[in-house]
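What follows is a set of notes on a single structure, which appears directly below.
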Amino acid sequence: MAQQAQAQEMRAWLKRALAQAKEAHRAQKDWVRQMAGRAARGEAIAPSDPTRCGFGRWLYGVGRRLQIYPEYHELEALHDQLHMYQVQLSAQADAAEALIPAMRTAAEAMDAVLVRLVRRAVAALRRSQLSPTPPQEAVFAHAAWIDEVQGWLFGARPEAAEPPRCPLEAWLNEARIRWGDDPRMKALASAHEAWHRQFAEAWRAAHAGDEPRLKTAAKLLKEAHGAWLAALHAWEAKPPL
């Protein structure tokens, strides 16, 4: 029942967040039309802070929890471009003939990116059961990888040039959306990232046959593993309701 309630809460949050994004983007398109009107009338145009406009407040407020998705960063880039055009307009009023169409194009491009963001976020939510604790098989995989690294120290070698994809990634991405404001989740995500940086370093060192580099990486990975387990235990000791 608790898991079902969490899923319902997350669906409600996502619905509100995406509705706010669409409303903020409509306001952004109105803003572009206002810029076009001012330019046509020969009125002065002053630059504005991209973090303070309607869409910027959503992007760097509620929307920031969606930054794990690539579409968020596409939106950010397009939004920054719009405000850069505004800066150029403020400095070169005679460039309006070229800049206003470019602003309209960027604003329209944001429509398509928002659609993709909605689809991706909803699909991810449906795939996720939103369990407050990570799947144990994913946790066990990290212990198995630690054992594998120990084998490399005695001459074994990984066949692939790159390490495998982490089975904890899907859960962690969704958990960061759901509980991203919890300091323990931030600590868990940070420790997990540090773990994988060291694991990747050990993997590549072993694949290259670089023994000194491998020994250093294995030592640092052991330390990172301890820090990750501590963060994991702190999270699992009192999972969110």
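Under the working numbering, the first residue of the sequence shown is numbered 20, with each subsequent residue one higher.
Note that beta-carbon positions come from the ideal geometry of N, C-alpha and C, so glycine has one too.
Taking the alpha helix (DSSP H) that residue i falls in, what are its first and last residues?
| i | result |
| --- | --- |
| Y104 | 89-110 |
| Q217 | 202-227 |
| A114 | No alpha helix (DSSP H) contains A114, which DSSP labels as neither H nor E. |
| A175 | From DSSP, A175 is part of no alpha helix (DSSP H); its letter is neither H nor E. |
| L191 | 188-198 |
Which class does residue i belong to by DSSP, given the choice of helix, strand or coil?
| i | result |
| --- | --- |
| Q267 | In the structure displayed, the chain extends from 20 to 260; residue 267 sits before or after that span and is not available. |
| T70 | coil |
| K257 | coil |
| P231 | helix |
| A162 | helix |
| A180 | coil |
| A21 | For A21, the predicted structure reports a pLDDT of 48, less than 50, and the residue's modelled location is therefore unreliable. The matter cannot be settled from this model. |
| I64 | coil |
| Q86 | coil |
| G245 | helix |
| G80 | coil |
Closer than 7 Å by C-beta to residue i: which residues in its own chain qualify, once you throw out the five before and the five after it? Chain order, please.
| i | result |
| --- | --- |
| A237 | V168, L172, A221 |
| E156 | P186 |
Please list, in chain order, all residues of the same chain as residue i whose beta carbon is under 8 Å from its beta carbon, the five residues on each side excluded.
| i | result |
| --- | --- |
| L85 | A36, Y91, L136, A140, I196 |
| P66 | H102, Q105, V106, S109 |
| K234 | L172 |
| I87 | N192, R195, I196 |
| D130 | H44 |
| P177 | E167, W171, W222, A225, H226 |
| V158 | L187, L251 |
| R232 | E220, A224 |
Among residues of its own chain, excluding the 5 on either side of residue i, which ones have a beta-carbon nearer than 6 Å to its beta-carbon?
| i | result |
| --- | --- |
| P151 | P258, P259 |
| A21 | Low confidence applies here, because A21 scores a pLDDT of 48, under 50, leaving its location unreliable and the question unanswered by this model. |
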